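Numbering (this note's numbering), first residue to last: 762 to 978. Beneath this line is the structure, given in structure tokens, with notes to follow.
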Ligand SMILES: N[C@@H](CCC(=O)N[C@@H](CS)C(=O)NCC(=O)O)C(=O)O
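So, in structure tokens, the structure goes:
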């Protein structure tokens, strides 16, 4: 583990998924903070052709990106405590939820940020489509309402009583959106209750983002 290097910007939601996952497993990795835009330079793009963080670099130069893929690898190497699952059924359930949440909520929130809050930066790197922001925002609100109904069976976490990668994934994006973009509708009491529960976890506290535009305190 210790010979690997995790490239990240620690305030970024995708990177936080991995650092929170590591914290939950009581694992540590050497970290390399990437400065704004450095991830779009040729040296970084050689590691990840998407030009995005996080990237896990192995001692032989192999580079793994995509936060879920990195967490899958970490879990396979360090099964305890299980954050994806202890058996095939648990693992499949976690992946089912992680995919639902990623496709329906997290990626929409990421694109709202890319095409809105951070449009000036992203415009010079990728296609930005600001006109779809209202549609994406409406879809996130709709899916959050659906999630709130799903949690109406009194479950503590997304997969019931198990705290999993699905919670970490959703939390890192929803915490970002709730504090930086638009607060989650207060009427969605199961989702907001879940948000507060996860926010209180030591892994969430330890990885709380300090954004570059935030004054030091
Ligand atoms: N699907 C990727 C998304 C990675 C991503 O969008 N990372 C953002 C930080 S949250 C990033 O690198 N933004 C800067 C850029 O794209 O230039 C993952 O799962 O890791």
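Cβ coordinates follow ideal geometry from the N, Cα and C atoms, glycine included. Values in this document were obtained by computation on a predicted structure and should not be read as measured data.
If we ignore side chains and look at the alpha-carbon of each, how far apart do residue i and residue j end up?
i, j, result
"residue 924", "residue 916", "11 Å"
"residue 891", "residue 818", "33 Å"
"residue 764", "residue 907", "43 Å"
"residue 861", "residue 793", "30 Å"
"residue 852", "residue 963", "24 Å"
"residue 770", "residue 798", "10 Å"
"residue 845", "residue 859", "10 Å"
"residue 922", "residue 873", "31 Å"
"residue 926", "residue 855", "7 Å"
"residue 967", "residue 863", "23 Å"
"residue 965", "residue 787", "13 Å"
"residue 900", "residue 884", "23 Å"
"residue 947", "residue 834", "36 Å"
"residue 836", "residue 865", "24 Å"
"residue 961", "residue 914", "22 Å"
"residue 803", "residue 911", "44 Å"
"residue 933", "residue 822", "28 Å"
For the alpha helix (DSSP H) that contains residue i, what are its first and last residues?
i, result
"residue 904", "894 to 911"
"residue 963", "963 to 967"
"residue 804", "803 to 806"
"residue 784", "774 to 785"
"residue 712", "An answer regarding residue 712 cannot be provided, because it is not within the stretch 762 to 978 covered by the chain."
Where do the ends of the beta strand (DSSP E) carrying residue i lie?
i, result
"residue 949", "No beta strand (DSSP E) contains residue 949, which DSSP labels as neither H nor E."
"residue 768", "766 to 769"
"residue 826", "824 to 826"
"residue 793", "792 to 794"
Using a Cβ-Cβ cutoff of less than 7 Å, which residues in the same chain neighbour residue i once the five nearest sequence positions on both sides are dropped?
i, result
"residue 812", "800, 801, 805, 806, 886"
"residue 949", "905, 906, 909"
"residue 776", "769, 770, 814, 815"
"residue 894", "873, 876, 877"
If you count every other CB in all the chains shown that lies within 10 Å of the CB of residue i, and 16 or more means buried, which is it?
i, result
"residue 971", "exposed"
"residue 880", "exposed"
"residue 774", "buried"
"residue 796", "exposed"
"residue 931", "buried"
"residue 870", "buried"
"residue 857", "exposed"
"residue 943", "exposed"
"residue 875", "buried"
"residue 789", "exposed"
Spatial neighbours of residue i within its chain, please: C-beta separation below 8 Å, excluding the five flanking residues on both sides.
i, result
"residue 945", "905, 935, 938, 939, 952, 953, 956"
"residue 847", "840"
"residue 791", "763, 765, 766, 767"
Please list, in chain order, all residues of the same chain as residue i whose beta carbon is under 6 Å from its beta carbon, the five residues on each side excluded.
i, result
"residue 816", "768, 808, 809, 824, 826"
"residue 882", "none"
"residue 779", "815, 828, 831"
"residue 929", "778, 781, 782"
"residue 820", "764"
"residue 919", "858, 927, 928"
Within the segment 811 to 891, ranges of the beta strand (DSSP E) (whole runs, at least 3 residues): 816 to 818, 824 to 826
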